[in-house]
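Colleague:
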Amino acid sequence: MEAEPGSSVETGKTANRGVQIALVVFVGSTLVLGTILFLVSQGLLSLQAKQEYCLKPECIEAAAAILSKVNLSVDPCDNFFRFACDGWINNNPIPEDMPSYGVYPWLRHNVDLKLKALLEKSISRRRDTEAIQKAKILYSSCMNEKAIEKADAKPLLHILRHSPFRWPVLESNIGPEGVWSERKFSLLQTLATFRGQYSNSVFIRLYVSPDDKASNEHILKLDQATLSLAVREDYLDNSTEAKSYRDALYKFMVDTAVLLGANSSRAEHDMKSVLRLEIKIAEIMIPHENRTSEAMYNKMNISELSAMIPQFDWLGYIKKVIDVRLYPHLRDIGPSENVVVRVPQYFKDLFRILGSERKKTIANYLVWRMVYSRIPNLSRRFQYRWLEFSRVIQGTTTLLPQWDKCVNFIESALPYVVGKMFVDVHFQEDKKEMMEELIEGVRWAFIDMLEKENEWMDAGTKRRAKEKARAVLAKVGYPEFIMNDTHVNEDLKAIKFSESDYFGNILQTRKYLAQSDFFWLRKAVPKTE
1 MEAEPGSSVE
11 TGKTANRGVQ
21 IALVVFVGST
31 LVLGTILFLV
41 SQGLLSLQAK
51 QEYCLKPECI
61 EAAAAILSKV
71 NLSVDPCDNF
81 FRFACDGWIN
91 NNPIPEDMPS
101 YGVYPWLRHN
111 VDLKLKALLE
121 KSISRRRDTE
131 AIQKAKILYS
141 SCMNEKAIEK
151 ADAKPLLHIL
161 RHSPFRWPVL
171 ESNIGPEGVW
181 SERKFSLLQT
191 LATFRGQYSN
201 SVFIRLYVSP
211 DDKASNEHIL
221 KLDQATLSLA
231 VREDYLDNST
241 EAKSYRDALY
251 KFMVDTAVLL
261 GANSSRAEHD
271 MKSVLRLEIK
281 IAEIMIPHEN
291 RTSEAMYNKM
301 NISELSAMIP
311 QFDWLGYIKK
321 VIDVRLYPHL
331 RDIGPSENVV
341 VRVPQYFKDL
351 FRILGSERKK
361 TIANYLVWRM
371 VYSRIPNLSR
381 RFQYRWLEFS
391 RVIQGTTTLL
401 PQWDKCVNFI
411 ESALPYVVGK
421 MFVDVHFQED
431 KKEMMEELIE
441 GVRWAFIDML
451 EKENEWMDAG
461 TKRRAKEKAR
471 AVLAKVGYPE
481 FIMNDTHVNE
491 DLKAIKFSES
501 DYFGNILQTR
511 KYLAQSDFFW
521 LRKAVPKTE
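Residues in the sequence shown are numbered consecutively from 1, following the UniProt record's numbering.
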């Protein structure tokens, strides 16, 4: 129904647009003033009438960094790109272990070097918190390459000998206990174990996040999962490049299975079926351009979801994923629990495909995805085979240095712990306070402008704009809770790392990450989020 001119609907739209414009002005002002503050704090800009030059070490370093990135022999009026970027391009070739490079990866690398130094310091039982001690032990186990080489594939093979991880392609080659049984295979149990214990989302992505239309509440969400290749179109395009990616993936799957004990002819046969299944899944996935906020917001309870897609026990799956020993208040999850189903059509098509597929092929695919995610944690012979695959997919020609790989792993597994370590040593608290003062100044200057200088907004729009301005949350530097040692120690209390068992440590962190977001289910979204 169209709104008549002058109706409340039209007025509301105009008001909302006014709020949006005001917020754009506010954000733009913040960015400009933030840039000015940075330049002032670095001594690169003076607000005094008399021009002064900053000769502090950090100012000299900042000036040198800028000069190293430009080409002063090029007139910026003739070719600004070459003037601004030639120095960077000439002095920073893409590292062989990276598919691309830029200023942000360069900055990230410098932070990683600082974290490396912190993680390599000897453990101090007096100075280091329990969480920091665990981070250092985890890093040490990752750097213990001798132990990793000695273990080789044994830790992974141990998993593959137990249900639901038995890999059909291996047949009896790793012992009778590793033989897969079609009669005992359970799709639900396998998917739930992968997600709940190993943080591997295959076919289905289950997670907790704020409700898009009730942003103060957390809710369960169900979405399509990822594939072996990063981009869906690489399974569907007939370009030479996409075909080379599929060929490389197929050979990688075959070779990995053989390295773990499979017969080569059996591996070639089974992995062809696995790749065909993954292509079918890619075909039904919702492409990025169709993943709009409205299309992906389908709120219903589990009972309604089960009626819409009855081929799968959704309630049973969710209850098996969530470890109620960690979250006893979630024992009563039932048919009335609300969920947001992001891709209903994908799930309808998924279970149509799985219903007509051989169980052996489904099991081969599921376990392949688990094996694929654990290859970086195995010995060098597996990692070098991964490098051959990566050379085709990403263009990388060498493995990451072990320290770099380990720092990245610790950052992703224990982000709050390494964040605190970095803040304690390298963060300048006065800069955080200065930026917070600046943001408050911008906020109240914006509100003052709305009240005294703005003539094109009506009173209602001004009121809502001021409410929005007051509600904008300033996130500067780091969240305060990471400095609470008791909180961080408690969060990791169930984890016991060993310097000699890297793979076992990996499995502990996967379980920790797999369960961490369920902490928020049925809890309000903190105002600091």
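In this text, a Cβ means the ideal position worked out from N, Cα and C, and glycines have one as well.
Out of Thr193, Met143 and Asn238, point me to the one whose CA is closest to Ile410's CA.
Modeller: By one-based count along the sequence shown, residue 410 stands at place 410. It is Met143.
Colleague: Any C-beta of chain C sitting closer than 7 angstroms to the C-beta of Ile482?
Modeller: Structure shown: chain C not included; a single protein chain is present.
Colleague: So, with DSSP's three-state summary, where would you put Pro74?
Modeller: What you label residue 74 is simply residue 74 of the sequence shown in a count that begins at 1. Note on identity: in this sequence residue 74 is Val, with Pro being the wrong assignment. DSSP places Val74 in coil when its eight states are reduced to three.
Colleague: Would DSSP call Pro155 helix, strand or coil?
Modeller: One-based indexing of the sequence shown puts residue 155 at position 155. In this structure, Pro155 counts as helix in the three-state DSSP scheme.
Colleague: If you pair each beta-carbon of the segment 332-349 with each one of the segment 216-229, do three or more pairs fall below 8 angstroms?
Modeller: Result yes; three or more Cβ-Cβ pairs closer than 8 angstroms.
Colleague: What three-state label does DSSP hand Leu222 in the structure shown?
Modeller: Taking the sequence shown and counting its residues from 1, one reaches residue 222 at position 222. Note: Leu222 maps to strand in three-state DSSP.
Colleague: Is DSSP giving Val340 helix, strand or coil here?
Modeller: Numbered from 1 along the sequence shown, position 340 holds the residue referred to as residue 340. Strand.
Colleague: Among residues of its own chain, excluding the 5 on either side of Gln402, which ones have a beta-carbon nearer than 7 angstroms to its beta-carbon?
Modeller: Position 402 of the sequence shown holds residue 402. Excluding positions up to five away in sequence, the list reads Met143 and Glu145.
Colleague: Can Ser228 and Leu249 be called in contact, C-beta distance under 7 angstroms?
Modeller: Here the question's residue 228 lines up with position 228 in the sequence shown. Here the question's residue 249 lines up with position 249 in the sequence shown. Yes, they are a contact pair.
Colleague: So the candidates are Ala192, Lys523 and Pro95; which of them puts its Cα closest to the Cα of Tyr317?
Modeller: In the sequence shown, residue 317 corresponds to position 317, counting from 1. When only C-alpha atoms are compared, the closest one is Ala192.
Colleague: From Ala62 to Phe481, what does the alpha carbon distance come to, in whole angstroms?
Modeller: In the sequence shown, the residue the question calls residue 62 occupies position 62. In the sequence shown, the residue the question calls residue 481 occupies position 481. Roughly 31 angstroms between the two C-alpha positions.
Colleague: Would you report the Cα separation of Lys405 and Leu107, rounded to the nearest angstrom?
Modeller: Residue 405 sits at position 405 when you count from the first residue of the sequence shown. Residue 107 sits at position 107 when you count from the first residue of the sequence shown. Approximately 16 angstroms, taken between the alpha carbons.
Colleague: Tell me which residues share the same chain as Lys348 and place their Cβ nearer than 7 angstroms to its Cβ, disregarding the 5 neighbours each side in the sequence.
Modeller: For the purposes of this step, residue 348 is taken as the residue at position 348 of the sequence shown. So the list reads Ile309, once near-sequence residues are dropped.
Colleague: Which residues in the same chain as Asp211 place their Cβ atom closer than 8 angstroms to its Cβ, once the five residues preceding and following it in sequence are excluded?
Modeller: Counted from its first residue, the sequence shown places residue 211 at position 211. Only Glu217, His218, Ile219, Lys299 and Val340 meet the Cβ criterion.
Colleague: Where does Leu502 fall in DSSP's three states?
Modeller: Position 502 of the sequence shown, counted from the start, is the residue given in the question as residue 502. Here residue 502 is Tyr; the residue named in the question, Leu, does not match the sequence. In the structure shown, Tyr502 sits in a helix (DSSP, three-state: H, G or I).
Colleague: Would you mind giving the Cβ-Cβ distance between Glu171 and Arg325, rounded to the nearest angstrom? I have them listed as a contact below 8 angstroms.
Modeller: One-based indexing of the sequence shown puts residue 171 at position 171. One-based indexing of the sequence shown puts residue 325 at position 325. In fact, because the Cβ distance is near 36 angstroms, the residues do not count as touching under 8 angstroms.
Colleague: From Met449, Val476, Lys466 and Val472, pick the residue whose C-alpha is nearest to that of Phe427; which is it?
Modeller: As a first step, residue 427 is located in the sequence shown; it is residue number 427 there, counting from the start. Checked all of Met449, Val476, Lys466 and Val472; the closest Cα to Phe427 is Val476.
Colleague: Is the segment 460-474 touching the segment 436-450, taking contact as three or more C-beta pairs under 8 angstroms?
Modeller: Flag = yes, the segment 460-474 and the segment 436-450 touch.
Colleague: Rounded to whole angstroms, what is the Cα-Cα separation between Glu278 and His162?
Modeller: Within the sequence shown, the letter at position 278 stands for residue 278. Within the sequence shown, the letter at position 162 stands for residue 162. Cα-Cα distance, rounded: 24 angstroms.
Colleague: From this set, Ser124, Leu138 and Met98, which residue's C-alpha is nearest Ser498's C-alpha?
Modeller: Against the sequence shown, residue 498 aligns to sequence position 498. The candidate whose alpha carbon is nearest that of Ser498 is Leu138.
Colleague: Looking only at DSSP bridge pairs, what is Ser209 linked to?
Modeller: Taking the sequence shown and counting its residues from 1, the one referred to as residue 209 is at position 209. Its beta-bridge partners are Ile219.
Colleague: Do you know offhand how far Ile164's Cα is from Arg127's?
Modeller: Walking along the sequence shown from the start, residue 164 turns up at place 164. Walking along the sequence shown from the start, residue 127 turns up at place 127. Before going on, a small fix: residue 164 reads as Pro here, not Ile. Those two C-alpha atoms are separated by around 43 angstroms.
Colleague: Answer yes or no: do Met370 and Asn489 have a C-beta to C-beta separation smaller than 7 angstroms?
Modeller: On the sequence shown, position 370 is the one that residue 370 refers to. On the sequence shown, position 489 is the one that residue 489 refers to. In this structure, Asn489 does not lie closer than 7 angstroms to Met370 by Cβ.
Colleague: Considering Cα atoms alone, identify which of Lys432, Lys431, Glu433 and Arg464 is closest to Ile447.
Modeller: Indexing the sequence shown from 1 puts residue 447 at position 447. The residue with the shortest Cα to Cα distance from Ile447 is Arg464.
Colleague: On the three-state DSSP scale, how would you describe Ala465?
Modeller: Position 465 of the sequence shown, counted from the start, is the residue given in the question as residue 465. Ala465: helix per DSSP, three-state reduction.
Colleague: Just mark residue 544 as buried or exposed, buried being the case when its beta carbon has 16 or more other beta carbons within 10 Å.
Modeller: There is simply no residue 544 to check, as the chain begins at 1 and stops at 529 in what is shown.
Colleague: By Cβ distance, which residues of its chain are closer than 8 angstroms to Gln394, with the 5 residues on each side in sequence left out?
Modeller: As a working note, residue 394 is residue 394 in the sequence shown. For Gln394, where only same-chain residues beyond five positions count, the Cβ hits under 8 angstroms are Pro99.
Colleague: Straight-line CA distance for Met271 to Asn290?
Modeller: What you label residue 271 is simply residue 271 of the sequence shown in a count that begins at 1. What you label residue 290 is simply residue 290 of the sequence shown in a count that begins at 1. Taking the straight line joining both Cα atoms gives about 31 angstroms.
Colleague: Could you spell out the range, first to last residue, of the alpha helix (DSSP H) harbouring Asp184?
Modeller: Within the sequence shown, numbered from 1, the residue matching residue 184 stands at position 184. The residue asked about is misnamed: residue 184 is Lys in this sequence, not Asp. Unbroken run through Lys184: none, as it is neither H nor E.
Colleague: Enumerate in chain order the residues of its own chain whose CB-to-CB distance from Arg510 is below 6 angstroms, with the five nearest sequence positions on each side excluded.
Modeller: Here residue 510 corresponds to residue number 510 of the sequence shown, with the count starting at 1. Here the set comprises Tyr198 and Ser199.
Colleague: Put Asn144 into one of helix, strand or coil per three-state DSSP.
Modeller: Residue mapping note: residue 144 aligns to position 144 of the sequence shown, counting from 1. Coil.
Colleague: Cutting at 7 angstroms between CB atoms, please list the residues of its own chain near Ser68, excluding the five before and the five after it.
Modeller: The residue you call residue 68 lines up with position 68 of the sequence shown. Excluding sequence neighbours, Ser68 sits near Gly87 and Asn91.
Colleague: Compute the Euclidean distance between the alpha carbons of Lys527 and Met483, then round it to the nearest angstrom.
Modeller: Here residue 527 corresponds to residue number 527 of the sequence shown, with the count starting at 1. Here residue 483 corresponds to residue number 483 of the sequence shown, with the count starting at 1. Going from the Cα of Lys527 to the Cα of Met483 covers about 18 angstroms.
Colleague: With 16 other CB atoms within 10 Å as the buried threshold, where does Ile66 fall?
Modeller: Within the sequence shown, residue 66 is the residue found at index 66, counting from 1. When all chains shown are included, Ile66 counts as exposed.
Colleague: In chain order, what residues of the same chain lie with their CB nearer than 6 angstroms to the CB of Thr361, ignoring the 5 residues before and after it?
Modeller: Locating residue 361 in the sequence shown gives position 361, counting from the first residue. If we look at Thr361 and ignore the five residues flanking it on each side, its Cβ neighbours are Ser273 and Leu277.
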